[in-house]
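Note sheet for the following structure.
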Amino acid sequence: MASSIMKQGRLVPWLYLLPALVIMFIFIVYPTFNTIYLSFLDKASTRPASVNCVEGQSCWGVFENYHYALTNPEMVTALRNNARWLVLMVPGTVLCGLLFAVLADRVRYESVAKSILFMPMAISFIGAGIIWRFVYYIETGSGEQIGLLNAILVSLGRQPVAFLSNPAINNYALMLVGVWLWAGFCMTILSAAIKGLPSEVLEAARVDGASEWQLFFQIMLPMIMPTLAVVTTTMVINVLKIFDIVFVMTGGNFGTEVIANRMFTLIVTDTGRSMAIAVVLILLTVPIMIFNVYRFRKQEEMA
Amino acid sequence: MSKKVVFTLLVVMGLMLAACGPAATPEASEAPATEAPTEAATEAATEAPAVPEMCMGAQPGDTVTVMYQWSGTEEEKINAILAPLVETCGIQIVAESTRDDAVLDARVQSQPPDILFWPNISPLRLYTDRLQNLDAVGANAENYAPYWIEMGTVDGRWLAIPVKADIKSIIWYSPAQFELYGYQVPTTFEELEALVEQMVADGNVPWSMGMESGAATGWTGSDFIQDLLLVQQGPDYVMGLIDGSIPYNDPGVVQAYETYVRWASDPRYTVGGAIGTLNTSFLDAIYITFAEPPQAMMVKQSGFAGGEIVSRYPTLVYGEDFDFFPFPGAQGMQGGADFMMVFNDTPAVRAVVAYLTGPEGAAAWAQVGFDLSPNLLATGQYADPQLAKKAEALANASGFTPDMGDTIGAPFGEAEWAAIIAAVQGEDIPTVLQAAAEAQAEALGR
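Here you go:
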């Protein structure tokens, strides 16, 4: 009797896990390894990538696709732009989300305010891109400005601005759309964390004479730190794979190229390079995943 | 308003259906071809026991298998063009419609079609040894301009001839506006340049050059620059850029870019200057040229612009309110062509080849109006005035080059568009062409 229980104990968990493992293997593990494999082949996935080497130019052998992914001028632009997106959009969404969450917590019409801020998340990203194309639209002929921003500028007696084709501002114009889309998401999660704070602690602090600023920075912020970390890492991953906004609004033209759009553009014409870009993207996200898992473990240990 | 929305939806859905049609329904495409000849066969058997000369000895009931990319109305048109031959000789055309190179390849390896119609000459290089010499199967070379024969000749063997062509080297304008200001349609490039300067002097904006097209932004500029290259350098030069024998940063290309950018980035020459060129969609660029009041005098765009103008402004009349002229001074035309290639030599195949390259086929092609027939005998027989004018331009051309953007493949093509965008944005032309030339060398160098 005891031995059969032991047997069951070893086997049954695996049986329960099996469907998940099979699905994971088919849709995650296999594609990942196939992607890595294809990234060492040429554009038609028949010969090693080293056939792409041009005589007289530096060559990375079978890593030639990575040579492209890391040094091609278009790719350098894409990598630089992704870095800008990270630096601006992650803090942008998290800070806006935190601000909204804290402020909304203190007003009577909280649910209305939060619904409005969360609404962009309900729009498809492609739809949002199209909406913002109209907002940024510039009429260059003799017609009226129908783009919201340029209509405002012109009514104030200013010159219309080509938000999407002017390389000095177009990246920021796109990032603004990203913040608009994602700030609501950050707000919802952070708001839930704030609601979950034990009111006794906050009350005790207030009784002890803490100012609202002290309350926020020294009590609330440390207590919601784990949530804040989750939101931040989620946003970092989201921003690394940013695609829809750029694809719809500029198609990666005018110096707005990003890694994922480059990957998409090349997938048909040059599979090897596209896969190498995908692997670069995976490698960029892996440390963040590891950090996330590490945090989870630590939290569980604490609990 | 809501009616309009419903209508638009229907149109979009119709287009989607049309686009989905060909691959999914190869059987359906055979149906019209098989029905018609059975009737004809009985007629031929009862009325004309002697086989007419145009049948080249084909017997009623003989079949010809053909493969092409045409579908829907295109397929109806090719059937209408072949109908006189099919009815006279009682032969049967068995058609297969595909756009897939892989399907074509599989068929050629196992059971090649008798005749292949394909929108490029890549099969010529892939299947050189399997193709029949066209002069041996009854094709009439004398009805074609020499450059067409040259394009279809490999190692001294004449293997492909275009049956259908369309030209893109055209400029749309409003005859009414031209009359108002006393402008003449230019016939040389010098006249075009003078006309542009005249328009600027009169305070009119000559061009509408908007080229925004999402991720494909740049292709309109690519077409324009190719026409400038055809003026300044000629068709052989363009072919050299396509096959990689001339680097894309050659001084000739720099010159064409300089001409283009001079117009495309200056608000006196084009609507909105550089910002307008980059931000105005290519469709809006057409519309604003024919708006009330017009924002520009001319827009360089392919034949589809005519349809766009009519659908946007249904009251405008071709020939009065809108019309086109061939790009002045172009030494060759830019466009697309469908080539005929022959795999099997049978009497029925000879009949089809002789028919399409001879006078009867030319006349049928022109009357049906399936774009243009490069067959010189078709010129002057077109029912549609727009096609008649294009046919005249094609007949007068001394060369033909495929649309570069469609031919050179994505990596080089994208680099070309990026160079055009950068040049319009005011970057140094030799520098931006350097990057495109590198992409060209990489794509075509080996």
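First to last, the sequence lines map onto chains A and B.
Just so you know, the first sequence maps onto residues 93 to 395 in the numbering used here.
Just so you know, the second sequence maps onto residues 384 to 829 in the numbering used here.
Built from N, CA and C at the ideal position, the CB exists for glycine as well.
Reduced DSSP category for residue i - H, G, I as helix; E, B as strand; rest coil
| i | result |
| --- | --- |
| G718 (chain B) | strand |
| Q581 (chain B) | helix |
| R139 (chain A) | coil |
| I330 (chain B) | Missing from the structure shown is residue 330 (chain B); chain B here goes from 384 to 829 and no further. |
| V546 (chain B) | strand |
| Q306 (chain A) | helix |
| K773 (chain B) | helix |
| K206 (chain A) | helix |
| D706 (chain B) | strand |
| M439 (chain B) | coil |
| F388 (chain A) | helix |
| M680 (chain B) | coil |
| V725 (chain B) | strand |
| W397 (chain A) | Shown here, chain A extends from 93 to 395; a query on residue 397 (chain A) therefore has no answer. |
| Y701 (chain B) | strand |
| Y765 (chain B) | coil |
| L398 (chain B) | Reliability fails at L398 (chain B), whose pLDDT of 47 lies under 50, so the model's placement of it is uncertain and no value is given. |
| L248 (chain A) | coil |
| T790 (chain B) | helix |
| L755 (chain B) | strand |
| L289 (chain A) | coil |
| L133 (chain A) | strand |
| I629 (chain B) | coil |
Beta carbon of residue i nearer than 8 Å to that of residue j
| i | j | result |
| --- | --- | --- |
| V637 (chain B) | L816 (chain B) | yes |
| F673 (chain B) | L699 (chain B) | yes |
| S605 (chain B) | T653 (chain B) | no |
| L282 (chain A) | L190 (chain A) | yes |
| W541 (chain B) | L517 (chain B) | yes |
| I316 (chain A) | L294 (chain A) | no |
| A774 (chain B) | Y765 (chain B) | yes |
| G473 (chain B) | G440 (chain B) | no |
| M437 (chain B) | Q609 (chain B) | no |
| L187 (chain A) | G364 (chain A) | no |
| D549 (chain B) | L755 (chain B) | yes |
| P212 (chain A) | W152 (chain A) | no |
| G689 (chain B) | K551 (chain B) | no |
| S257 (chain A) | I658 (chain B) | yes |
| I222 (chain A) | V340 (chain A) | yes |
| Q391 (chain A) | P318 (chain A) | yes |
| S596 (chain B) | D704 (chain B) | no |
| F795 (chain B) | A761 (chain B) | no |
| W177 (chain A) | M267 (chain A) | yes |
Opposing strand residues paired with residue i [DSSP bridges]
| i | result |
| --- | --- |
| W541 (chain B) | B:T536 |
| A598 (chain B) | B:S596 |
| Q475 (chain B) | B:T446 |
| T784 (chain B) | B:Q717 |
| F500 (chain B) | B:M723 |
| Y830 (chain B) | Nothing about residue 830 (chain B) can be reported from this structure: the residues present for chain B run from 384 to 829 only. |
| S664 (chain B) | B:E595 |
| L465 (chain B) | DSSP lists no partner for L465 (chain B). |
| T324 (chain A) | According to DSSP, T324 (chain A) bridges with nothing at all. |
| T653 (chain B) | B:W590 |
Short CB-CB distance (under 8 Å) between residue i and chain E
| i | result |
| --- | --- |
| G249 (chain A) | No chain E is part of this structure, whose protein chains are labelled A and B. |
Check: For the 8 Å Cβ check, are there 3 or more pairs between the region 157-168 of chain A and the region 352-368 of chain A?
Finding: yes
Note to self: Any contact between the region 222-240 of chain A and the region 291-303 of chain A? By contact I mean 3 or more CB pairs, one from each, below 8 Å.
What the structure shows: no
Check: Residues in the region 219-244 of chain A with C-beta within 7 Å of chain B's C-beta atoms, listed in sequence order?
Finding: I230, T232, G233, S234
Next item on the list: Tell me, please, whether the region 524-538 of chain B touches the region 772-792 of chain B by the rule of three or more beta-carbon pairs shorter than 8 Å.
Entry: yes
Next item on the list: Taking only beta carbons into account, state which residues of the region 579-601 of chain B come closer than 9 Å to chain A, listed in chain order.
Entry: V588, S591, G593, E595, S596, G597, A598, A599, T600, G601
Next item on the list: Taking only beta carbons into account, state which residues of the region 159-187 of chain A come closer than 8 Å to chain B, listed in chain order.
Entry: P165, E166
Notebook entry, point to check: Along the region 779-796 of chain B, what residues have a CB closer than 8 Å to any CB found in chain A?
Noted result: G792, A793, P794
Notebook entry, point to check: For the region 648-677 of chain B, which residues have a CB atom closer than 7 Å to at least one CB atom of chain A, in sequence order?
Noted result: V654, G655, I658, G659, L661, N662, T663, I671
Check: Can at least three beta-carbon pairs, one atom from the region 788-799 of chain B and one from the region 646-661 of chain B, be found at a separation below 8 Å?
Finding: no
Notebook entry, point to check: Does the region 373-392 of chain A come close enough to the region 320-339 of chain A to have 3 or more Cβ pairs within less than 8 Å?
Noted result: yes
Item checked: the region 802-820 of chain B: positions lying closer than 7 Å to chain A by Cβ -> I804, A818
Margin query: Count Cβ pairs between the region 502-513 of chain B and the region 729-738 of chain B that sit closer than 8 Å; are there 3 or more?
Written below: no
Checklist line | Touch test, the region 200-215 of chain A against the region 269-281 of chain A, Cβ-Cβ under 8 Å, three pairs minimum | finding: yes
Check: With a cut-off of 8 Å, do at least 3 Cβ pairs link the region 743-758 of chain B to the region 456-472 of chain B?
Finding: yes
Check: Can we say the region 134-153 of chain A touches the region 803-817 of chain B, given the rule of at least three CB pairs closer than 8 Å?
Finding: no
Next item on the list: Specify whether the region 217-233 of chain A and the region 621-638 of chain B touch according to this definition: at least 3 beta carbon pairs, one from each stretch, less than 8 Å apart.
Entry: no
Check: Along the region 680-692 of chain B, what residues have a CB closer than 9 Å to any CB found in chain A?
Finding: none
Notebook entry, point to check: Should the region 664-684 of chain B be called in touch with the region 240-258 of chain A, which here means at least 3 C-beta pairs below 8 Å?
Noted result: no
Check: Residues in the region 145-159 of chain A with C-beta within 7 Å of chain B's C-beta atoms, listed in sequence order?
Finding: V146
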